[in-house]
Structure formats: C-alpha cells, structure tokens
Amino acid sequence: MNRLDTLFPVRHRTIAGGIALGGLLLAAMLVAGVMGVRHTPQTHAAPIRETDTITATQPELQAALLAPSDLPPSYAPAPATKAPAAPRAERCASLLGAPDELIRHTAATLAPHPKSAVRPSAQAVSRQYGPTLITQVLTTFTGDGAVSTLEELRRVGQRCRDFSAVLEDGTAVRVRVEDVPRDHLPTELLKLEGDAFALRFTLTGSDKTMTGYLALGRVGKVLSVLREMESTRHGAVADLAHFTEVLSQAARKLLPLTLGKLGASPAPLG
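Quick note on this note's numbering: the sequence shown kicks off at 709 and runs consecutively.
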C-alpha cells in the first residue's frame with residue numbers, strides 16, 4: 709500500500725472508482741449516440757421531376773398560350789392576315805422580325821440536314837394587339853433543339869448590340885440592345901423555366917423613339933418566346949413593369965405543362 713492509500717484510503721479509492729465509472733458512462737454514451745444515428749429513420753425529399761424530358765404536342769402548346777382573357781380588355785387577337793413573304797432579314801435585324809420565323813430560321817442554321825434532331829416538331833403562335841403588340845411563340849423541339857436554339861439566340865443577342873433595321877412599315881431605325889437584369893425577371897418565370905433571359909430594344913427613327921422587350925426561356929424541350937413592342941397605332945410605351953406582368957402571366961399558363969395538367973387559366977391581368 710502506498711503512502712496515499714495510507715493517508716486517504718477511502719477518498720483515493722472513491723476518486724479512482726469515479727474516474728473509471730465516468731469513463732464507462734462516456735463510452736456508453738458514445739456507443740448509444742452512434743447506434744442512435746445509425747438507426748434513426750432517414751427522411752427522403754419528394755422526387756423532383758426531370759424537367760429536361762418535358763415535351764408538348766401542338767394542342768398542348770396552343771392551350772398554354774396567352775389568350776385575350778389573360779390580358780387586359782384593351783387587347784384583342786391580331787387580325788389573321790397573310791403577309792407576303794419578306795426577304796430574309798440580316799442576322800441582327802431578325803430579332804425584330806416575326807418571333808416564329810426567328811425560331812425556325814435559327815433552328816435551321818443549327819440543323820443543316822433536313823432530318824437533324826434539333827428541328828421544331830410543333831409550334832403555336834399568339835398575337836395580341838392593344839396599347840402594345842404582344843407576340844408569344846411556343847415551340848417543341850426534338851433532341852436537344854430547345855437548348856441549342858436558346859443558346860444560339862443568346863449569342864445573337866450578345867453580338868447584336870447596335871445595328872440598323874427596317875420595320876415592316878418601311879421605317880428605317882437604329883436599334884440598341886441591352887440585357888434586362890436577371891433580378892428584374894419575374895420569380896414565376898425563373899422558377900419554371902430551365903433557362904431564361906430577356907433583352908430590351910430601343911428603336912430610334914427619324915421622328916420617334918420606340919422601345920420593346922424580348923424574353924426567351926426553356927421548359928424541357930419547349931422553347932418559349934414572348935415579345936412586346938410599342939404600337940405605332942396607339943403610341944403606348946412598352947415599359948418593363950408591364951412586360952414583367954405579362955411574363956408572369958405567361959409563366960403561370962405554362963405551369964400546368966410541367967405538371968402534365970393543362971386547362972387551368974390564371975386570373976387575367978387588370
């Protein structure tokens with residue numbers, strides 16, 4: 709027996725026993741913790757639909773278009789007139805042409821072979837005339853056509869920042885193009901679309917300056933284009949606030965497409 713045991717026999721053994729017991733308790737707690745983690749049931753997030761596989765037929769595209777009832781009462785469908793075939797516009801000027809022609813022409817430049825997998829398989833167009841001119845085009849592509857066409861149009865928008873063009877009525881204009889900041893785009897659009905961007909046009913003629921907006925986005929294999937331009941007939945200004953409202957409405961109309969449930973319409977804009 710050492711000197712410590714002689715002087716404090718009980719206290720020393722008590723402390724030693726306490727240390728040993730504490731060690732055992734700590735080990736037991738660690739084991740229990742590990743076992744608890746190991747056997748705790750795991751919660752799994754709800755499966756997310758693979759958006760790249762989303763597609764749509766012609767009737768589905770038609771149902772997802774903005775209708776007159778989705779817009780203020782001052783808008784109505786554009787008259788169904790067959791315009792004469794216009795000569796193909798220069799690359800930058802094509803941004804101001806008919807959006808459906810813009811999509812088809814861009815896809816054609818990416819798909820030189822007639823049986824290429826990037827060509828459009830269905831397309832629906834809506835044109836609404838009112839204080840401004842609103843044109844919407846929804847196009848379903850085969851293969852990765854929606855992705856490649858959107859990227860090509862993005863490149864065109866970046867390259868074409870200042871150019872000359874001639875409008876349908878023969879007016880010569882100088883066009884400046886700017887990006888619409890992403891944080892100015894509506895939340896509904898950014899949540900819905902696989903990718904999206906928007907451009908602002910300023911058209912300066914001899915006696916007038918006009919503005920316009922062009923937004924492009926993708927939902928799976930469906931490419932959506934929405935353009936708003938000032939109407940020379942009404943002289944109203946196309947402003948970003950109104951354009952984002954129309955974009956939000958268009959995104960809500962597209963939402964059922966991602967869920968496979970078409971037919972429900974959002975409340976019309978006031």
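For each residue, glycine too, the CB sits at the ideal point set by N, CA and C.
Separation of residue j from residue i, as counted between CA atoms
| i | j | result |
| --- | --- | --- |
| Arg-960 | Tyr-921 | 19 Å |
| Ser-939 | Ala-771 | 26 Å |
| Arg-882 | Ser-914 | 9 Å |
| Ala-754 | Ser-802 | Bear in mind that a pLDDT of 37 at Ala-754, under 50, signals an unreliable position, so the number given afterwards is only what the model happens to contain. Whole-angstrom Cα-Cα distance: 43 Å. |
| Tyr-783 | Gly-838 | 4 Å |
| Thr-966 | Pro-787 | 31 Å |
| Arg-926 | Lys-916 | 34 Å |
| Ala-818 | Glu-860 | Residue identity differs from the one stated: residue 818 is Leu in this sequence, not Ala. Going by the C-alpha atoms only, they are around 8 Å apart. |
Nonlocal neighbours in the same chain, by C-beta distance under 8 Å from residue i, ignoring five residues either side
| i | result |
| --- | --- |
| Ala-830 | Ala-764, Thr-765, Gln-766, Leu-769, Thr-847, Thr-848 |
| Asp-947 | Thr-919 |
Residues near residue i in its chain [Cβ-Cβ closer than 6 Å; skip 5 each side]
| i | result |
| --- | --- |
| Val-933 | Pro-807, Val-845, Leu-924 |
| Pro-894 | Thr-952, Leu-955, Ser-956 |
| Val-874 | Ala-880 |
| Thr-843 | Pro-807, Arg-835, Arg-935 |
| His-892 | none |
Top-ranked residue by Cα proximity to residue i, from the options
| i | options | result |
| --- | --- | --- |
| Gly-851 | His-950, Val-930, Leu-948 | Val-930 |
| Ser-872 | Leu-965, Glu-798, Leu-963, Pro-785 | Glu-798 |
| Leu-862 | Tyr-783, Leu-963, Cys-800, Met-937 | It is worth fixing the name first, because residue 862 is Arg in this sequence and not Leu. Measuring from the Cα of Arg-862, the nearest candidate turns out to be Cys-800. |
| Glu-876 | Ala-958, Gly-805, Ala-949, Thr-840 | Gly-805 |
| Met-937 | Leu-911, Ala-958, Gly-878, Leu-962 | Leu-911 |
| Leu-841 | Leu-963, Ala-958, Val-945 | Val-945 |
| Thr-857 | Asp-903, Leu-898, His-892 | Asp-903 |
Residue i burial status per 10 Å Cβ neighbour count (16 or more: buried)
| i | result |
| --- | --- |
| Gly-865 | buried |
| Ala-854 | buried |
| Ala-949 | exposed |
| Gly-928 | buried |
| Pro-785 | exposed |
Neighbourhood of residue i by C-beta, 7 Å cutoff - its chain only, sequence neighbours within 5 removed
| i | result |
| --- | --- |
| Asp-962 | Per the sequence shown, the amino acid found at residue 962 is Leu instead of Asp. Around Leu-962: Ala-772, Leu-900, Val-927, Ser-932. |
| Glu-896 | Ser-956, Ala-959, Arg-960 |
Do the stretch 834-844 and the stretch 895-913 meet, that is, are 3 or more Cβ pairs less than 8 Å apart? Touching, no, given that fewer than three Cβ pairs across the two stretches are closer than 8 Å.
Evaluate contact between the stretch 809-819 and the stretch 870-887, counting only Cβ atoms and requiring at least three cross-stretch pairs below 8 Å. With the cut-off at 8 Å, the stretch 809-819 and the stretch 870-887 do not touch.
Indicate whether the contact test is met: 3 or more Cβ pairs, each with one atom in the stretch 945-963 and one in the stretch 773-783, closer than 8 Å. By the criterion of at least three beta-carbon pairs nearer than 8 Å, the stretch 945-963 is in contact with the stretch 773-783.
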